[in-house]
Amino acid sequence: MHSLGDLAMMRTFIFFRRRIYMPISECCNIGVVCCEADASIPQIAHLMRKHHVGDVVVVRHEDGARIPIGIITDRDIVVETIAEQVDMDLLTAGDIMSSPLITAHENESFAESLRLMRHHKIRRLPIIDEKGVLYGIVSAGDIIHLLTLELSMLTTTMTEQPVVESQVRP
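In our numbering, the protein residues as written are 547 to 716.
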């Protein structure tokens with residue numbers, strides 16, 4: 547016979563395991579800030595500030611769909627322009643974007659997406675659909691947030707278990 551704590555732990559483990567194998571599309575941000583390759587660096591910096599993001603996905607448009615071709619981060623702007631003392635007005639997204647772009651398919655698991663990010667040492671991973679159209683993006687921060695929520699639930703379960711068990715078994 548299992549104690550209430552054991553059952554709660556098993557439930558939490560099963561929930562956590564489902565999260566790890568859920569499609570990345572279920573936890574990615576679908577509000578992706580984008581620009582085209584000819585956007586200027588000041589325009590990109592303005593987009594980042596306006597939308598409070600640290601990255602902009604560079605896309606090309608095909609039949610109204612956004613096809614991701616690169617990504618620019620706030621760090622790219624600092625390293626490629628400011629640190630090199632290059633006039634930002636002379637550069638475009640196409641000049642400093644990271645490309646080829648590492649992406650994950652919307653049906654790939656959370657775990658596989660995390661593996662891709664670790665393998666390629668990237669903190670942001672654009673998510674595409676079966677046609678290569680931009681679906682969303684997931685960041686290391688998003689993953690940390692999700693895992694923190696899961697661990698918080700586990701911690702709550704563990705700390706409440708003795709109280710619940712003492713009420714059931716006085």
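All C-beta atoms, glycine included, are put in the ideal place defined by N, C-alpha and C.
Practice problem: Measuring alpha carbon to alpha carbon, tell me which of Thr705, Phe656, Pro588 and Thr702 ends up nearest Ala686. | Solution: Phe656
Quiz item: Apart from the five residues on each side of it in sequence, which residues of its chain come closer than 6 Å, Cβ to Cβ, to Asn653?
Solution: Only Pro569 meet the Cβ criterion.
Quiz item: Mapping DSSP to helix, strand and coil, what is His622?
Solution: Checking the sequence, you will find Asp at residue 622 rather than His. Helix, per DSSP.
Quiz prompt | Own chain residues within Cβ distance below 7 Å of Ile648, not counting five before or after | solution = Leu662, His666, Ile668 and Leu671
Self-check item: Leu742, DSSP secondary structure in three states
Solution: Only positions 547 to 716 of the chain appear in the structure, and residue 742 is not among them; the question remains open.
Quiz item: When DSSP labels each residue in this structure, what does Glu696 get in the three-state scheme?
Solution: helix
Quiz item: Just how far apart, CA to CA, sit Ile617 and Gln631?
Solution: Cα to Cα, the separation comes out at about 21 Å.
Practice problem: Just tell me which of Ala650, His691, Ile566 and Val599 has its CA closest to the CA of Gly678. | Solution: Ala650
Quiz item: What first and last residue would you give for the alpha helix (DSSP H) that runs through Asp641?
Solution: Ala639 to Ile642
Exercise. Indicate whether Val602 and Cys573 have their beta-carbon atoms separated by less than 8 Å.
Key: Not in contact: Val602 and Cys573 (Cβ atoms no closer than 8 Å).
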